[in-house]
Amino acid sequence: MSMNIASPSPCSSSSSFPSALPWLSLLPLPPSPSTSTTSSKPARPFSLRAQPTATDLSLPSDKKTNDDQTLLSLLRQRKTEQAWTLYSQSPHLPTPTCLSRLVAQLSYQATPQSLARARTIITRLRNERQLHRLDANSLGLLASASAKSGHTLYASSLIKSMLRSGYLPHVKAWSAVVSRLSTESPSESISLFDSVTRRVRRFADPSIVADSKPDTAAYNAVLNACANLGDKSKFLKLFDEMHEWGCEPDVLTYNVMIKLCARADRKDLLVFVLERIIERGIRFCMTTLHSLVAAYVGFDDLETAEKIVQAMREGRNDLCKILRDANLEDLKQAKEDDDYDDYDLEDEKEEDMEDLSKRKIDDVVFEKLLPNLIEPSSEPLLLPKVYAPNSRIYTTLMKGYMKAGRVTDTVRTLEAMRHQDDKASHPDHVTYTTVVSAFVKAGLMDRAREVLAEMTRIRVPANRITYNILLKGYCQQLQIDKAKELLREMADDAGIKPDVVSYNILIDGCILIDDSAGALVFFNKMREQGITPTKISYTTLMKAFALSGQPKLANKVFDEMLRDPRVKVDLVAWNMLVEGYCRLGLVEEAKKVIQRMKENGFYSNVATYGSLVNGIAVARKPGEALLLWKEIKERCEMKEEGKNSYSDSPPPLKPDEGLLDSLADICVRAAFFKKALEIVACMEENGIPPNKTKYKKIYVEMHSRMFTSKHASQARQDRRIEKKRAAEAFKFWLGLPNSYYGSEWEYEPPQR
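At position 275 of the sequence shown (counting the first as 1) the number is 275 in the UniProt record's numbering, and the numbers step up by one without a gap.
What follows is the structure in structure tokens.
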């Protein structure tokens, strides 16, 4: 949430909190270079407000003074709970020093309750326009703690407010937010990083902003955001900027580069990243080897991942040679595939040219990131020492086996880990959970329960994730009773409180057995236990009512979702509401929902139109399909013509096979042959093969005797001329016997 934070008061000294937390600086920005010194209105981008003196405020009473002294004494003794109680009972605002220290200590505790209390103080000060009473340390601590506790958007808005109000946050405060955003919202992470560094650059004297300028950890966080987006150009730009701030890439920087290579589908570059680390003498760590194994597992190259792990088990340090050999094998295999697929299709040629062009652009970026790519060493480099695989590396390999359905190999790896001499290689709860996942995925629930029992026996405690995987397995096999029993064991025997994910799984399980009443029971039980529903909770419950033919109940759930300030309604929720009405053929009600959706800034997507088409089919109102096709066609043409008009216009649409096939089906059945041909043309333009066999069967069964009546009046025959021409054109496309029509009528695609 955005806040306007004013400058801190001089009396809210940072010395009132431990010296280990002097994170932030309050600095005025220098005049903009573009601003003339003789201007009558000089720029004041970071002007500081004058601190109100005692005369600006009403004189404090003796009670107020005593309360402030008592509060400050409690805070100095670290009695935060008692200090909060005194603050919450006091009708007046404490001094800036007390407020800042209270927010700082609540943030330092970093518990859900303490952070909620700190946010309450912020809200109160904002409402009373007294945010200037807080100092920079307290705000920075709150932003950092909020980010680490998962309240990332709040933390981001807090940092932005600090920048707007003249604060320069300490690098440890703002980089914590950038780091968290890098996985949750990479684009926002990059934007926040740029905002901070842009402000810091405006100071001519670097020593003034020494505590706020980015360090290597901050760059690693934003580079991770670039890697998650697959934005290679931005990654290179930021990587080159590191030297400007005196930052040197470390091993984590190159670990992130491994992720970038994986996102760019450049498995051939992984060995060069590893050799670059060795070449530069950067201190090595196990996370690099784990990143490599994870990358090869992500590429579904389990053979190379196995070779890396086996080499580590054998105490070898020639991993670079293994990876180079793997690249040679891939090149050899690719050449064999090219020889086998020796064809000369124009479309395939164009696709290959596009891939080649993209690869050349990538090469330019990676040649700058990895100079050893241009001139590699003649011999593969060796690791500085031998590394034995730990449980994390084994578990990553097991996840690859699980993904590939290799349950036997998953179990075999678990047995191998048990017999390792190194305790770091012994299986942990993550390893056992991976085995449970493998059995659940294979539908072997009894074996999965045996693994859970073994975890209890050897005192490796299962966690909530383990139980949620088992719950999902039972629900997928429609064994809701066993899922309920497991939920009881989870809470009573294991002492693990189910979370919102647990209940979402159970609600979804009730949908699979068409038990909307049971879904509602679990939803209410979840709220009774104080668990906040998420968007998924609401939309899953809406789905239960929509699929069971109860759209009015789905609408009630939707209305409650709208009233819940903790949840933001998205297009998925709107679409579920549309689906509920369309399943019963209530097209008019569905159209009213779509109109409400537009008024709230949401536009129909393929799923929305798909539900509406199905509703039209159920209601048997083919005329509605013509209106809908007109709208869909206009949005498809927007994309093709590259229209970029007003911001309030709907975005372009890329239809899928299901939507166009359903529309064509309705038009063929209703004898709208000209529209059917338009839809077929749209399918072909989007690379979707039309189902001629199905349409031919519909035509033969429903329209083969059309226009054969000898008793129709001349006026009626004249009215049917255009329709008959369209029918003949459609029969020609189907390959059915037809009359000559080419010189009279043909479908002309819209002009581009």
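Don't be surprised by glycine CBs; every beta carbon is placed ideally from N, CA and C. Predicted, not measured: the structure shown is a model, and the values here were computed from it.
- Of the candidates R76, L370, Q82 and L99, L99 places its Cα closest to the Cα of L125.
- Distance from the Cα of V567 is smallest, within the candidate group V587, Y538, F545 and G580, for Y538.
- Close CB contacts of L571 within its chain, under the 7 angstroms cut and outside five residues either way in sequence, are with F602 and N605 (chain order).
- Taking all protein chains in view, the Cβ of E275 is crowded by 16 or more other Cβ atoms within 10 Å, so the residue is classified as buried.
- With a cutoff of 8 angstroms on beta-carbon distance, S182 and A225 are scored as near each other.
- For Q550 and I513, the gap between their C-alpha atoms comes out near 16 angstroms.
- Our two residues, K148 and T85, have alpha carbons roughly 25 angstroms apart in a direct line.
- Under the criterion of beta carbons closer than 8 angstroms, F272 and L373 qualify as touching, at roughly 5 angstroms.
- Here L677 really is in contact with F730; their C-beta atoms are around 6 angstroms apart, less than 8 angstroms.
- With respect to the 8 angstroms criterion, A442 and V407 are classified as neighbours on the basis of their beta carbons.
- By the C-beta density criterion, A519 is buried, having at least 16 other C-beta atoms within 10 angstroms.
- The closest CA to that of N468, considering only R596, S437, M455 and D481, is found on S437.
- Distances from the CA of A573 to each of K332, K535, L547 and V587 were compared; the closest alpha carbon is that of K535.
- For the pair of segments examined, the segment 164-184 was found to touch the segment 128-145: the number of CB pairs separated by less than 8 angstroms reaches three.
- The beta carbon of L736 sits closer than 8 angstroms to the beta carbons of K696, Y699 and V700 from its chain, once the five residues preceding and following it are set aside; these are given in chain order.
- Boundaries for Y387: no alpha helix (DSSP H) harbours it, and the DSSP string shows neither H nor E there.
- Our two residues, N317 and Y387, have alpha carbons roughly 8 angstroms apart in a direct line.
- The residue among S212, S185 and P186 with its C-alpha nearest the C-alpha of R198 is S212.
- Restricting attention to I282, W629 and V200, the CA atom closest to the CA of E244 is found in V200.
- Between M455 and Y432, the gap from beta carbon to beta carbon is short of 8 angstroms.
- Rounded to the nearest whole angstrom, the CA to CA distance from A204 to E241 is 17 angstroms.
- Straight through space, the alpha carbons of M638 and L653 are spaced by roughly 8 angstroms.
- By the CB criterion at 8 angstroms, A116 and V103 fall outside the cutoff.
- The residue among S144, I282 and K232 with its C-alpha nearest the C-alpha of M162 is S144.
- Around R133, the same chain offers P96 and L99 as residues with beta carbons nearer than 6 angstroms, after the five sequence neighbours per side are excluded.
- Cβ-Cβ separation between S185 and V222: approximately 12 angstroms, too far for a contact (criterion under 8 angstroms).
- Leaving aside the five residues that flank D67 on each side, the residues in its chain whose CB is nearer than 8 angstroms to its CB run, in chain order, L86, S90, H92 and P94.
- Our two residues, D330 and E303, have alpha carbons roughly 12 angstroms apart in a direct line.
- Here DSSP, grouped into helix, strand and coil, assigns L99 to helix.
- In this chain, the alpha helix (DSSP H) harbouring L139 covers A136 to K148.
- Taking the C-beta atoms as reference points, T396 is found nearer than 8 angstroms to A294.
- Residue range P186 to R201 is occupied by the alpha helix (DSSP H) that includes P186.
- Within the same chain, Cβ atoms closer than 7 angstroms to the Cβ of E367 are found at L373 and I374, the five residues on either side in sequence being excluded.
- If you compare the alpha carbons of L323, L369, S191 and P371 with that of P380, the shortest gap goes to L323.
- In this structure, C582 lies away from N555, with their beta-carbon atoms at least 8 angstroms apart.
- Per the C-alpha coordinates, the member of K723, D656 and S73 positioned closest to V668 is K723.
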